[in-house]
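Numbering (the working numbering), first residue to last: 5 to 79.
From the three backbone atoms N, C-alpha and C, an ideal C-beta is built for every residue, glycine too.
No experiment lies behind these values; they were computed from the predicted model shown.
The next block holds one structure in the form of structure tokens; read it before the comments.
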């Protein structure tokens with residue numbers, strides 16, 4: 005991150021690949037950590053979203069967006 009911030013990094017799509025496609029819930033602590041460490045960056049969460057409760061669990065973490073893939077399509 006430190007390499008990219010000086011050249012204007014503003015947005016990051018952050019995927020927890022260990023949860024991607026699992027529908028097992030998002031890695032809330034990961035997003036709390038990165039959003040607190042880099043408040044100048046808009047993070048988008050991806051990986052693990054299974055239902056609306058998983059989206060709600062990300063409230064307060066600082067993420068600015070959530071990717072909803074399999075939970076949306078049901079596949």
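1. Report the rounded CA-to-CA distance for residue 62 versus residue 30, giving the unit in angstroms.
2. Mind pulling the alpha helix (DSSP H) runs of 4 or more residues that sit fully within the stretch 12 to 62?
3. Among the candidates 47, 54, 60 and 72, whose CA atom is the shortest distance from the CA of residue 27?
4. Taking residue 39 as the reference, give the member of 17, 66, 16 and 8 with the closest Cα.
5. Determine the closest residue to residue 7 out of 42, 21 and 35, with distance taken between C-alpha atoms.
In terms of the structure at hand:
1. Going from the Cα of residue 62 to the Cα of residue 30 covers about 8 Å.
2. Listed in chain order, the alpha helix (DSSP H) elements of length 4 or more contained wholly in the stretch 12 to 62 are 32 to 41 and 56 to 61.
3. In terms of CA proximity to residue 27, 54 leads the group 47, 54, 60 and 72.
4. Nearest to residue 39 by C-alpha distance, out of 17, 66, 16 and 8, is 66.
5. Out of 42, 21 and 35, the CA that lies nearest to the CA of residue 7 is found in 42.
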